[in-house]
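Structure record follows, encoded as structure tokens.
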Amino acid sequence: MAKELTMFNRGVKLVVLHVVLALVATSLVLPFTWMILASLKRLDEIGLDSWLPQAFQWSNYREVFTMKGIMFGRWYWNSIFVAFWVTFLQVFTSSLAAFSFARLKWKGRDTVFLMYLATMMLPGLVMMIPNYQNMIYLGLVDTYAGLILPAAFSAFGTFLMRQFMMNIPHSLDEAAEIDGASKWQLYWTVILPLSRPALVTLTIFTFIGNYNSMFWPLVMMKTPERYTLPIGMMAFDSSQGQQTNLLMAAVAMSVIPMIILFIFMQKQLVKGIMLGGVKG
Amino acid sequence: MLTWKKNDVKQATVGILFLLPNILGFLVFTAIPLVISLFMAFTDWNLEMHNMFQNATVKSVGFGNFVKLFTDPDFFTYLGNTLFLMIGIPFGVAGSLAAAMLLNHDFKAGSKKLYGIIILTIVMTVCCMMLVLVGMAATAMTLLVCGIAGAVIVGGSVGGQTVYRTLFYFPSFTSGVATYILWKKLYSPENGPINNILQPMLDWFTPIAARLSPKGATGIAGVLLVLMGLGYAVAMFRRCRRWYFGECGTTSVIIGAVLLMIPLLCAQLWSGLGWGGAFGFFFAAAGVIALAALFFFGRDYKCVTDYGMADAIIIDGIIMIGLFILLGMTNVVLSMPAQATSADGFVAPKWLADYYWAKPSLMIMGFWGAIGSNNMLLYLAGLSGVSQELYEAADIDGATPIQRFWNVTWPQLSNVTFFILVMSIMGGLQGGFEMARVMTNGGPAGSTTTLAYYIYTEGFGTGRLGYASAVAWTLFAMVLCVTIFNWKFGNKYTND
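Those protein sequence lines, which keep their order, are chains A and B.
Count along the first sequence starting at 1, add 462, and that's the number in our numbering.
Count along the second sequence starting at 1, add 5, and that's the number in our numbering.
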């Protein structure tokens, strides 16, 4: 009797827990629900009390791509193009630097690393203004290179990779050395393949961060063809923002890749946040 | 000085070669701009005077920019805005902690059989409820919301923690221009869904509030103010007690007490009640006298002066915000009768378009994003590290759930909380740019312009590069203060 009672209690507790969690989760997701439903409405239905469209206007999604002055497809492509290059370069340079900090012994290494860490604390805002003058001087304003290059080097990425590489057993280095491997071979064939989890994490972080980044593209890009998605969405909002249904369709389309990426990659992401946060 | 052997040089060369791409980027895009920026802050560099048409020489103005900055009322308004928006931080952190604690349960607790029964119960209940709702001819909206909630709970009971965690994490994961535009539409006063839902509720509430006489409102406001005084007294007593028993150092007790007194001293300006100022002043003075008396009589259990600093700042800071909320409520209550009896009754706020509501609107949105953010994941990791033995020991001592939380969970998570708060404060000082740019353009009337947005408008809008750099360096100095504070107290508190 007593045992059944505790089991019953535990069951009730679990059900209550589920109800609370589901209520919180639902209220957090409601804005997204409204977004999807609004994107399927006709324009004149937007202000109505009912969230549901009278008929689902899937054509809204097609229309976003053909709107005048809104080069949605182009912006999408730009965003992915820029984010891809930034991610590739940043992961590559960070892993090189991290290898040097974590696996090579050289005089002054720790001093240099401390300097690196110190730059992580500098607010980006301090550098933005002179960096823009820098870009004018280099003639890179309104070019993709001007967007990609400054973002291709990151102290945070180096730090994250170093934390991971420190934990790879050092006996591997010695074994490689006995086999006569050069430092580059050690990096390329031993350490890099073993750092895959950290590489994946950093890749996702950098990609998402860059896909969402707004400040630098906003200052740099002048021609609408070269806008990235966030800047394009702002242009959309300020020029034709009263077309709420189309705007919401665009917002939904810009968010969906992130959601898919997150659902598939969440294990690595969660691990990465712990790696960067708890130890930092 | 270290002596460099031939081998050292060789090793260092290899090391630097691997660093080279990073170092080049670092020099070009961080180090050099940094030096230029520092130089800029002391000049009158202005794009209106120094451009390709008008090439006047850039002159040094010494500390002129900084003097201008500290005499500029705008700067202090924007600094105030930045700090005001940061009031949302503790709420976000508390939300993340609550979410993490809810998620930290073992969903498959007990037997597989029990788990199966629970899933079945939930699925059946949800199905029945939907059927009942359809039968009652509920509106499509009700059906929709219940349907989503039902789908979430079924998904959650099958998938467990992962499903809820993913849903909680959505808002912060997708944050950026897209969600800001979405919220701009949600807040829209004309056809936004928030006001569509809120206005009928307010219409319902108007006649009830209209029955409240101005006298009654004054009474309620008075009660709120007295509550504030009581809250202050309790917090002050706790702080003094901790000092007396050697759980809190002298510096910490002073900082905590000052934090608690700020809202009381503001009562003069904000309470809207004639006697509010005197009331607040009296309580604050009583606190000072109590502290002085304590220091005079001394204590038996000594400790270092900055011991328990983080507790003083976190707990008393949170209480300070609570006191401020009570103070604000007095104003709201006082203005209620007049508004309820006016021709329109209560009108839903215009949110982003309203001078007073713009900042709270941004804070509500921030809270929505903060609950399931990285902080929640950090707390989850922290919770999984809390030793189960401590809970068992607490259970044997017969601790209530609240005692369990304050005496086991909270102290065990203190280092995570400290880390999160420091990071949030640093982010908060530099934040607000994207929201301001996308949603409000810093308006209405500058009420959502934060320092970051100010730097942007000065630097890239009006082109006063020298002045903008000076603002940026001032901001940097503030962030540096937080960092130094973190170094000084972070490790100590972690080891408490």
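Beta carbons: idealized from backbone N, C-alpha and C, even for Gly.
This one's a predicted model, so the numbers in the text were calculated from it and none came from an experiment.
Considering only residues of the stretch 306–389 of chain B, which uninterrupted alpha helix (DSSP H) runs meet the minimum length of 4 residues and lie entirely inside it, listed in chain order?
314–346, 363–376, 379–389
Using only alpha-carbon positions, find the residue among A:F550, A:L664, A:T690, A:Y523 that is nearest to D604 of chain A.
A:T690
Less than 8 Å separating the beta-carbons of G254 of chain B and G303 of chain B?
no
Could you check whether W678 of chain A and L609 of chain A sit closer than 8 Å to each other, using their CB atoms as the reference points?
yes
For G30 of chain B and A36 of chain B, what's the separation of their Cα atoms in angstroms?
9 Å
Determine the contact status of V484 of chain B and Q435 of chain B, defining contact as a CB-CB distance below 8 Å.
yes
8 Å Cβ shell around T179 of chain B - same chain, five flanking residues per side excluded
none
How long is the line joining the alpha carbons of F351 of chain B and L207 of chain B, rounded to whole angstroms?
6 Å
Residues in the stretch 713–730 of chain A with C-beta within 8 Å of chain B's C-beta atoms, listed in sequence order?
V713, S716, V717, M720, I721, F724, I725, Q728
8 Å Cβ cut-off: residues of chain B touching L490 of chain A
L172, F173, F175, P176, W373, I376, G377
Assign N500 of chain B to buried or exposed, taking buried as 16 or more other Cβ atoms, counted over all protein chains shown, within 10 Å of its Cβ.
Confidence in N500 of chain B is poor, its pLDDT being 42 and thus under 50, which makes the residue's placement too unreliable to answer from.
Using a Cβ-Cβ cut-off of less than 8 Å, give me the residues of the stretch 476–497 of chain B that come near chain A, in sequence order.
A477, W478, L480, F481, V484, L485, T488
List the endpoints of the continuous alpha helix (DSSP H) containing Y120 of chain B.
117–140
6 Å CB neighbourhood of A617 of chain A in its chain, flanking five on each side removed:
Y578, T581, M582
Output, in chain order, the set of chain A residues within a Cβ distance shorter than 8 Å of D13 of chain B.
W568, K569
Just to confirm the assignment: which complete alpha helix (DSSP H) runs, minimum length 4, are found wholly within the stretch 553–613 of chain A?
571–583, 586–600, 606–613
Cβ separation of K364 of chain B and L90 of chain B, assumed to be a contact under 8 Å, to the nearest whole Å
6 Å
Is there at least one Cβ from chain A nearer than 8 Å to K73 of chain B's Cβ?
no
Closer than 7 Å, Cβ to any Cβ of chain A: which residues of the stretch 157–171 of chain B, in chain order?
V157, I158, G161, S162, Y169, T171
Inter-residue Cα distance where the pair is G224 of chain B and G292 of chain B
25 Å
For chain B, check one thing: does any of its Cβ atoms lie closer than 8 Å to the Cβ of T660 of chain A?
Note that residue 660 of chain A is Ala in the sequence shown here, rather than Thr. Judged by the 8 Å Cβ criterion, A660 of chain A is not in contact with chain B.
In this structure, what does DSSP give as the bridge partners for T48 of chain B?
B:S65
Pick from A:K645, A:P493, A:A614: whose alpha carbon is nearest that of I153 of chain B?
A:P493
Quick check on V182 of chain B - is its C-beta less than 8 Å from some C-beta in chain A?
yes
Mind pulling the chain A residues with CB within less than 9 Å of L5 of chain B?
No answer is possible for residue 5 of chain B: the residues shown for chain B start at 6 and end at 501.
Of all the options B:A215, B:A297, B:T130, which has the alpha carbon lying nearest to the alpha carbon of P342 of chain B?
B:A215
Rounded C-alpha distance that separates F301 of chain B from I319 of chain B
27 Å
If we count the other Cβ atoms within 10 Å of its Cβ and call it buried at 16 or more, is M533 of chain A buried or exposed?
buried
Start-to-end residues for the alpha helix (DSSP H) that takes in E525 of chain A
521–528
Give me the Cα-Cα distance between F626 of chain A and A660 of chain A, rounded to the nearest whole angstrom.
6 Å
Using 8 Å as the threshold, is the C-beta distance between V98 of chain B and L388 of chain B below it?
no
Tell me where the alpha helix (DSSP H) around L102 of chain B begins and ends.
93–108
Over what stretch of residues does the alpha helix (DSSP H) that includes Q702 of chain A continue unbroken?
691–702
Three-state class that DSSP yields for S480 of chain A in the structure shown:
This sequence places His at residue 480 of chain A; Ser is not what is there. In this structure, H480 of chain A counts as helix in the three-state DSSP scheme.
Is there a Cβ from chain B that is less than 8 Å from the Cβ of A643 of chain A?
no
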